[in-house]
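Residue numbers (this note's numbering): 1489 to 1999. Worksheet: the structure to be examined is printed underneath.
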Amino acid sequence: MPVKIAMIGAGSVGFTRTLLRDILSVPELADTHFALMDISAHNLQMVAQLCQRDIDANHLPAQLTTTTDRREALTDADYVVCTIRQGGLEAFALDVNIPLQYGIDQCVGDTLCAGGLMYAQRTIPELLALCKDIRECAKPDVLFLNYSNPMAMNTWACNQYGGVNTIGLCHGIQHGHQQIADVITLWARQEGLLPESAALTLEDVDIMAAGINHQTWYIKVNWRGQDMTPRLLELFEAHPEYARTEKVRIDVLRRFGYYSTESNGHLSEYVPWYRKRVEEIPQWIDLSHWIHGETGGYLRVCTEGRHWFETDFPNWLQETPPQFSQSTRSREHGSYIIESLETGRIYRGHFNVINRGHIPNLPDGCVIEIPGYVDHNGINMPVVGPLPLACAATCSASIHVQQMGMEAAVHGDVTLLKQAMLHDPLVAAVCNPEEVWQMTDELLVAQEQWLPNYRTADIEAARQRLAEAERTGKRVKLRETSGAARLPTRTVEELALDRDHARANAGTQDK
């Protein structure tokens, strides 16, 4: 029987087309049944038209069905892939803009910090409802591959409360791996170890990364039998691009001895040191690309990407369809996991799983990101061992925030959510306790429509607290700021001045 893959949140054009292409690049999976589901019939049909055209152009027997009924998509599914953004761009804007009034300057806001915690409050209830449908409709041994952020909190909730075997997948490690290959390439050329025309690939440089999602560390880096970890600082400092764009990561490397897997902008908002003073933020970021630390940068490019896709969609239908092959396959883990489970070919990647002694100096039961192997026997996660102490300390601080945020979302616990906010590293560096309490009330009231897990009485109580503070003059004074480094969201007309760039942004798999 053909494999059936239910893709929930399939209106995400970049993820859906990329994963479909990757899976259909495997000959044994050419007849896969893709059940695409999204709450937006409009977005779903646009993406489905592109995917069906791609399938037809490659003369494949794959089947494509679309539905807005989640249970229909899940019925008899072998695999479930989730890429939802609960609340869409409207809620995302609140995650960024309300904390900014309290001095919390986020680049992304979808993993930790105030934005990530609120994203979890919206997403986890929907994922638990999805897990219930999976248990009732999908095949008994179904595997749930979650791409939705906040990755650790979501994966934790699905495994602990959803009753579904859930693996979290992210592509941050692959991106940082490429950077490491790049800096070694430059050094090796200068040392005469590589010809000027040569460039190292990921296959040439062996790495091991371990930690938690978006705070994973390259604890081993080997090239030609040499341990390159002690050299990484000098190599990154000497690189003409990364020395400018990865200042936070390089500074952490200087002080910890290990390079972080996550981007400059992401890393800067997970720790208390680089975004707590508005006047200091510009020295740590670079505005050549949003991912290097721009205030609200991810919100901006997601908004621009969606607007461009809506406008330019007819032209997407007219472009030459991609040819599916191993050479055009992305490095997203999902297709390789499915290929290995179905064919037995061994795949090594880094996955988000429950810690069961794999990293002994992080709490058991939390979600960690470590290397694993996949074949016919399943997903096998070896013991990594303890993290270096500074890396473990940074991860541990975030893990306890994640746990409080996850439990708050599951139980609709306002106090626990406020305590999670209070202990978040960047929030704590910027806000005093009363500011945290008021900001959380404001976020709860603003996002009420996406928070069925919180009682109406709790939201009303938050509304009353805000009104009482306003009436008595005790309301915390907000900051009038657009952020330390915020760029305006471009109009469709402005995006049209560089159509190739606009299309590339709209089609990337992180949208």
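Where is the CB? At the ideal position from N, CA and C, for every residue including glycine. Since the structure is predicted, the reported quantities are computational estimates derived from the model, not experimental observations.
Answer with buried or exposed for residue i, where buried requires no fewer than 16 other C-beta atoms within 10 angstroms of its C-beta.
{"i": "GLU1968", "result": "exposed"}
{"i": "LEU1577", "result": "exposed"}
{"i": "LYS2016", "result": "It is not possible to answer for residue 2016, since the shown part of the chain is limited to 1489 through 1999."}
{"i": "MET1909", "result": "buried"}
{"i": "GLY1961", "result": "exposed"}
{"i": "MET1894", "result": "buried"}
{"i": "MET1489", "result": "exposed"}
{"i": "ARG1732", "result": "exposed"}
{"i": "GLY1845", "result": "exposed"}
{"i": "SER1815", "result": "exposed"}
{"i": "HIS1821", "result": "buried"}
{"i": "THR1882", "result": "buried"}
{"i": "GLU1792", "result": "buried"}
{"i": "LEU1618", "result": "buried"}
{"i": "ASP1621", "result": "buried"}
{"i": "VAL1871", "result": "exposed"}
{"i": "HIS1780", "result": "buried"}
{"i": "THR1689", "result": "exposed"}
Only counting the same chain, and skipping five residues up and downstream in sequence, which positions put a Cβ closer than 6 Å to that of residue i?
{"i": "ALA1990", "result": "TRP1796 and LEU1983"}
{"i": "ALA1885", "result": "PRO1913"}
{"i": "ILE1695", "result": "HIS1665, TYR1706 and VAL1709"}
{"i": "PRO1874", "result": "PRO1848 and ASN1849"}
{"i": "TYR1835", "result": "TYR1824, SER1828 and VAL1862"}
{"i": "VAL1759", "result": "PRO1913"}
{"i": "GLU1936", "result": "ILE1947"}
{"i": "ARG1558", "result": "MET1525 and ASP1621"}
Could you give the residue range of the beta strand (DSSP E) that holds residue i?
{"i": "ILE2011", "result": "Only positions 1489 to 1999 of the chain appear in this structure, which leaves residue 2011 out of reach."}
{"i": "MET1641", "result": "First-last for MET1641: 1639-1648, but that is the alpha helix (DSSP H), not the beta strand (DSSP E)."}
{"i": "ILE1779", "result": "Segment: none, ILE1779 is in no beta strand (DSSP E) and carries neither H nor E."}
{"i": "GLY1866", "result": "1866-1868"}
{"i": "ILE1493", "result": "1492-1496"}
Could you give the residue range of the alpha helix (DSSP H) that holds residue i?
{"i": "ILE1826", "result": "1821-1831"}
{"i": "ILE1887", "result": "1877-1899"}
{"i": "GLN1771", "result": "From DSSP, GLN1771 is part of no alpha helix (DSSP H); its letter is neither H nor E."}
{"i": "VAL1980", "result": "1980-1983"}
{"i": "TRP1925", "result": "1921-1934"}
{"i": "CYS1625", "result": "1601-1625"}
{"i": "ASN2035", "result": "With the chain represented from 1489 up to 1999, any question about residue 2035 goes unanswered, as that position is not in the structure."}
{"i": "ARG1509", "result": "1501-1512"}
{"i": "ILE1592", "result": "From DSSP, ILE1592 is part of no alpha helix (DSSP H); its letter is neither H nor E."}
{"i": "ASN1993", "result": "1987-1995"}
{"i": "HIS1846", "result": "Premise fails: HIS1846 is in no alpha helix (DSSP H) and is neither H nor E."}
Which residues does DSSP pair with residue i in a beta bridge?
{"i": "GLY1656", "result": "ASN1634 and ASN1840"}
{"i": "GLU1857", "result": "GLY1699 and ASN1840"}
{"i": "TRP1796", "result": "For TRP1796, which the question treats as bridged, DSSP gives no partner whatsoever."}
{"i": "ASN1710", "result": "ASP1694 and ASP1715"}
{"i": "HIS1521", "result": "LYS1492 and GLN1551"}
{"i": "TYR1835", "result": "VAL1862"}
{"i": "THR1704", "result": "GLY1699"}
Kindly list the residues whose CB is nearer than 7 Å to the CB of residue i, restricted to its own chain and excluding five residues on each side of it in sequence; keep chain order.
{"i": "LEU1904", "result": "MET1892, GLU1895 and ALA1896"}
{"i": "LEU1588", "result": "THR1969 and GLY1971"}
{"i": "GLY1995", "result": "VAL1501 and GLY1502"}
{"i": "ALA1498", "result": "THR1504, LEU1524, MET1525, ASP1526, LEU1532 and VAL1535"}
{"i": "PRO1728", "result": "none"}
{"i": "ARG1763", "result": "ASP1593, SER1756, GLU1757, ILE1769 and LEU1914"}
Leaving out the 5 sequence neighbours to the left and right, which residues in its chain are closer than 8 Å to residue i when beta-carbon positions are compared?
{"i": "ASP1692", "result": "ALA1669 and TRP1711"}
{"i": "THR1520", "result": "PRO1490, VAL1491, LYS1492, ILE1493, ILE1511, LEU1512, ALA1550 and GLN1551"}
{"i": "ASP1598", "result": "PHE1580, ASP1583, GLY1604, TYR1607, ASN1637, PRO1638 and TYR1786"}
{"i": "SER1813", "result": "SER1513"}
Taking 7 Å as the CB-CB cut-off, is residue i touching chain C?
{"i": "ALA1561", "result": "The question asks about chain C, but that chain is absent: this structure has only one protein chain."}
- Task: Within the region 1526-1570, note down every full beta strand (DSSP E) run reaching 3 residues or more, in order along the chain.
- Result: 1551-1555 and 1567-1570
- Length at least 4, wholly inside the region 1730-1768: the alpha helix (DSSP H) runs in chain order: 1730-1733, 1735-1744 and 1752-1756
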